[in-house]
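Reading through the structure tokens given below for one structure.
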Amino acid sequence: MNPRTVATAFRVVAIAEACSWVGLLAGMFVKWILETSEVGVQIFGPIHGAVFVAYVLVTLVAARVLRWSAGTTLLALAASVPPLVTIWFERWATRTGALGAQDAVRTT
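The sequence shown begins at -17 in the numbering used here and counts up by one.
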């Protein structure tokens, strides 16, 4: 597998996982706080579940192809649990070169 392709796939799935979290949280707000509809949870629940599984699988592939340490791999997997943390991890991994040296971006 091409490391650049794996890094791109990881970035896409990390952002999708965060977006699906936002949709699910909005659906839960409408269901439990506003108590008006369950549609948001019915739609975003399965979407988030599928994207979560994809994130875990892509993370395991990225860890192998990009030769992440056990600590980096565990951090990436743990980032999928709290909402929106996959975006933080993706930015951190890009900044530190964990998503490939040629893709590393310096941020201030």
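Glycine included, C-beta positions come from ideal geometry on N, C-alpha and C.
Assigned secondary structure, residue i (DSSP; H/G/I helix, E/B strand, else coil)
i	result
S2	helix
T(-10)	helix
L59	helix
W50	coil
T76	helix
P(-15)	helix
E20	coil
I(-3)	helix
P28	helix
L81	coil
P65	coil
Residue j beta carbon less than 7 Å from that of residue i
i	j	result
A(-2)	V33	yes
V(-12)	A44	yes
S2	I29	yes
A0	T68	yes
V23	K13	yes
F71	A80	no
P94	G53	The structure shown does not extend to residue 94, since the chain is modelled only from -17 to 90, so the question has no answer here.
Minimum Cβ-Cβ distance from residue i to chain C less than 7 Å
i	result
V(-12)	Considering every chain present, this structure includes no chain C. It has just one protein chain.
### Query
Any chance the stretch 12 to 26 sits against the stretch 57 to 73, with 3 or more Cβ pairs inside 8 Å?
no
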